[in-house]
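Enquirer: Under this note's numbering, the first residue of the sequence shown carries the number 4, and numbering increases by one thereafter.
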Amino acid sequence: MNQSIWAYKSFEWMWEEIALNKKINHIDINYNRFPDNTPDTFIENIENDVEWRDVYYISDLSNLYNLFENMGTIYGLTRYYSDKVHVIIPFIPVWTMERVDNEWQIATAKTLARILSSTPSAERWMTRFYTFDIHDLRERFFTSDNVSLKLLSAM
């Protein structure tokens, strides 16, 4: 199989089970911190686990403190010659704030959609994002045409 998978720290249990059951390569990514607490992320074994592969990454945006670390990993996966990058986001906390009810209010869902939209494409295909239990189909079109957003149901 020409596929690899990795998950952010909080979802390691999930990728381990998928990788073992589906016999998919797992990617080793080291999440460290510099002394000032900024992310120091390193993807091990790029040549064997990322280059020219379909890469799946289970991202955790439930705590936006991790946003930079997650997006840095996703951007890195797209830039290191992966064929396709599929990003699974089980939960997006700000996605429920998609409307502006009062003047000067910020639609945080649109803000995050802009961040996701700036994700580079992989070598053969645009980056695909998958998220669960968003039941407003309009939100599918919040992102630009640079990425694909697929809404799934866990029910």
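Heads up, the beta-carbon is just placed ideally off N, CA and C, and yes, glycines get one too.
Could you tell me whether the Cβ atoms of D1 and R56 are closer together than 8 Å?
Expert: Here the chain covers residues 4 to 158 and nothing more, so residue 1 does not appear.
Enquirer: What separation, rounded to the nearest whole angstrom, lies between the Cα atoms of R131 and Q108?
Expert: Translated into the one-based positions of the sequence shown, residue 131 becomes position 128. Translated into the one-based positions of the sequence shown, residue 108 becomes position 105. Cα to Cα, R131 sits roughly 29 Å from Q108.
Enquirer: Just checking my contact of L2 with I95 at CB under 8 Å: how many whole Å lie between their CB atoms?
Expert: Here the chain covers residues 4 to 158 and nothing more, so residue 2 does not appear.
Enquirer: D52 by DSSP, collapsed to three states: which one?
Expert: Indexing the sequence shown from 1 puts residue 52 at position 49. Three-state DSSP puts D52 in a helix.
Enquirer: Bridge partners for L154 per DSSP, in chain order?
Expert: One-based indexing of the sequence shown puts residue 154 at position 151. For L154, which the question treats as bridged, DSSP gives the partners T134.
Enquirer: With distances taken from CA atoms, which of W18, I92, Y34 and I118 is nearest Q6?
Expert: For the purposes of this step, residue 6 is taken as residue 3 along the sequence shown, with counting starting at 1. The shortest C-alpha separation from Q6 is found at W18.
Enquirer: In this structure, what does DSSP give as the bridge partners for W16?
Expert: Taking the sequence shown and counting its residues from 1, the one referred to as residue 16 is at position 13. Beta-bridge pairing links W16 to no other residue.
Enquirer: Going by the beta-carbon positions, is the gap between E160 and Y78 smaller than 8 Å?
Expert: Since the first and last residues shown for the chain are 4 and 158, residue 160 lies out of range.
Enquirer: Is the CB-CB distance between P76 and Y60 below 8 Å?
Expert: Locating residue 76 in the sequence shown gives position 73, counting from the first residue. Locating residue 60 in the sequence shown gives position 57, counting from the first residue. A small fix is needed here, since residue 76 is Thr in this sequence, not Pro. Yes.
Enquirer: Over what stretch of residues does the beta strand (DSSP E) that includes F45 continue unbroken?
Expert: As a working note, residue 45 is residue 42 in the sequence shown. Unbroken beta strand (DSSP E) run through F45: P42 to I46.
Enquirer: Just the C-alpha distance for W128 and L119, rounded to the nearest angstrom, thanks.
Expert: For the purposes of this step, residue 128 is identified with residue 125 of the sequence shown, where counting begins at 1. For the purposes of this step, residue 119 is identified with residue 116 of the sequence shown, where counting begins at 1. Their Cα atoms are separated by approximately 15 Å.
Enquirer: Give the range of the alpha helix (DSSP H) segment to which N236 is assigned.
Expert: Summary: the structure shown does not reach residue 236, with the chain confined to residues 4 through 158, and so no result is reported for it.
Enquirer: According to DSSP, I61 sits in a beta bridge with which residue or residues?
Expert: The count along the sequence shown starts at 1 and reaches residue 61 at position 58. DSSP output for I61 lists A10 and I91 as bridge partner(s).
Enquirer: Below 8 Å between beta carbons: does that hold for A125 and V90?
Expert: By 1-based counting over the sequence shown, the position of residue 125 is 122. By 1-based counting over the sequence shown, the position of residue 90 is 87. Result no, Cβ atoms of A125 and V90 do not sit closer than 8 Å.
Enquirer: For T44, which of N73, R117, I21 and L154 has the nearest alpha-carbon?
Expert: Along the sequence shown, one-based indexing puts residue 44 at 41. T44 has its Cα closest to that of N73, out of N73, R117, I21 and L154.
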